[in-house]
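Trainee: My questions will all concern the structure given below.
In the numbering used here, the protein residues as written are 207 to 262.
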């Protein structure tokens with residue numbers, strides 16, 4: 207199910223844990239980060255710190 211025009215504020219660390227868990231269980235996850243470039247880069251760094259190998 208896709209949520210159209212839905213926006214919600216989430217903590218990047220909690221989001222990272224969710225995305226890693228979903229990817230490790232074979233789920234496809236598509237995210238669009240609209241806040242700013244710094245937030246997007248921080249999310250990618252969080253993924254690397256957690257060692258989530260399923261994220262490309």
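Using N, Cα and C, we set each Cβ at its ideal position, and we do this for glycine too.
Tell me the rounded alpha-carbon separation between residue 247 and residue 231.
Mentor: Residue 247 and residue 231: Cα-Cα distance of roughly 24 Å.
Trainee: Under three-state DSSP, which class holds residue 225?
Mentor: DSSP places residue 225 in helix when its eight states are reduced to three.
Trainee: Does the beta carbon of residue 226 fall short of 7 Å from some heavy atom of the ligand SAM?
Mentor: Ligands are entirely absent from the displayed structure, and the ligand SAM is therefore not among its contents.
Trainee: Just the Cα atoms here: how many angstroms apart are residue 229 and residue 222?
Mentor: When rounded, the distance between both Cα atoms is 10 Å.
Trainee: Count the other C-beta atoms from every protein chain shown that fall within 10 angstroms of the C-beta of residue 225, then say buried if there are 16 or more, exposed otherwise.
Mentor: Classification of residue 225: buried, given that the 10 Å Cβ count is 16 or more.
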